[in-house]
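With the working numbering, the residue at position 65 of the sequence shown is 65, and numbering never jumps.
Every residue, glycine too, gets a C-beta built ideally from N, C-alpha and C.
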Amino acid sequence: PFVGGVTTDLFGWRWNFAYYGMALIVGAVVARSLDDPWEVQQIPVVQRLREAFAEVSIPANAMVIGLGSLAFFVMFGVFLTLIPIHLHETFGLNPTQRGMVAAVPAVTSTATALVVTWFRVRMSAGVMVAIGLGVFGATFLAMGLGSLWLLVAAAAVYGLAEGITIPTLQDIVAERAPEHLRGIILALWVSGLRLGQTAGPLVVGVAIGFWSTGTVLAGAGVLVMVVAVAVGTSRVLPDGRPSLDASL
Numbered sequence: 001p002f003v004g005g006v007t008t009d010l011f012g013w014r015w016n017f018a019y020y021g022m023a024l025i026v027g028a029v030v031a032r033s034l035d036d037p038w039e040v041q042q043i044p045v046v047q048r049l050r051e052a053f054a055e056v057s058i059p060a061n062a063m064v065i066g067l068g069s070l071a072f073f074v075m076f077g078v079f080l081t082l083i084p085i086h087l088h089e090t091f092g093l094n095p096t097q098r099g100m101v102a103a104v105p106a107v108t109s110t111a112t113a114l115v116v117t118w119f120r121v122r123m124s125a126g127v128m129v130a131i132g133l134g135v136f137g138a139t140f141l142a143m144g145l146g147s148l149w150l151l152v153a154a155a156a157v158y159g160l161a162e163g164i165t166i167p168t169l170q171d172i173v174a175e176r177a178p179e180h181l182r183g184i185i186l187a188l189w190v191s192g193l194r195l196g197q198t199a200g201p202l203v204v205g206v207a208i209g210f211w212s213t214g215t216v217l218a219g220a221g222v223l224v225m226v227v228a229v230a231v232g233t234s235r236v237l238p239d240g241r242p243s244l245d246a247s248l
């Protein structure tokens, strides 16, 4: 976000699309260096899909995919779409300043994600996800109702929740999936994420046509906190903790 903001100020917003060309370089490196021990599979694809959908229909798996969609909905809809508009309309920040604020969660999110296994051996995945969603909601509420400095502080805390929630949900999906179906189930998980990523900006865009950005932020915060309470009290997500050796 910071680089994008600086690029917009210096050269115009269209030049940000040039960064997508880096994907071609990364793709070429991966194609040359990634080991791909592919083997011909004798099981029909339709059968594998049928088995995968049966796994996904299990309540815990369905909830994890749904929560992943919700997490990406709020990440891309509320934070990445709504916050820059809120910063511009409410506080008058320019693109570079908005990019600096949007980059704050990246630091805390990365730091938390690197030590997520430390949390996993001390509390259940369900508790971690519920706490993460609750922090999501609380930070959105603070961003919508508070000052600029409170918003920046809330953005840092939001990053902590992001670093806990997303890796934990992905761990649950990978751990619960049978080995022969793991690739398909992870593909379905990613599809759910992309659904939330697409729907979030669309829904938020409609919402700010009716209400102020602060109202939408506060409303989103309340709704996410309600979901967090529901997740925490439902006991659908796994209660177990991985062993310390397994986490290492």
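- Message: I'd like the span of the alpha helix (DSSP H) that includes H88, first residue to last.
- Response: 83-91
- Task: With DSSP as the reference, label F210 as helix, strand or coil.
- Result: coil
- Message: Taking contact to mean 3 or more Cβ pairs, one atom from each stretch, closer than 8 angstroms, check whether the stretch 103-116 and the stretch 146-161 are in contact.
- Response: yes
- Task: With R122 as the anchor, note down where its alpha helix (DSSP H) starts and where it stops.
- Result: Neither: R122 is in no alpha helix (DSSP H) and is coded neither H nor E.
- Where do the N-terminal and C-terminal ends of the alpha helix (DSSP H) with S109 fall, by residue? 95-114
- From what residue to what residue does the alpha helix (DSSP H) around W149 run? 148-176
- Message: Quick check: the Cα distance between P59 and G219, rounded to an integer number of angstroms?
- Response: 27 angstroms
- With contact counted as at least three CB pairs below 8 angstroms, one residue from each stretch, are the stretch 193-201 and the stretch 132-142 in contact? no
- Can you tell me whether L22 is buried or exposed, with buried defined as 16 or more other CB within 10 angstroms of its CB? Checking the sequence, you will find Met at residue 22 rather than Leu. Label assigned to M22: exposed.
- Task: Measure the alpha-carbon distance for S69 versus E55 and round it to whole angstroms.
- Result: 18 angstroms
- Please name the residue, chosen from L186, L148, V135, L49, that lies closest to H86 on a Cα-to-Cα basis. L148
- Query: Should F119 be labelled buried (16 or more other beta-carbon atoms within 10 Å of its own) or exposed?
  - Reply: buried
- Item | Cβ-Cβ separation, V129 to V231 (assumed contact under 8 angstroms), whole Å | 6 angstroms
- Query: Is T8 near P95, with beta carbons less than 8 angstroms apart?
  - Reply: yes
- When the Cα of L181 is compared with those of T112, W211, R50, A125, which residue comes out closest? R50
- Query: Going by other Cβ atoms of all chains shown within 10 Å of its Cβ, with 16 needed for buried, is D35 buried or exposed?
  - Reply: exposed
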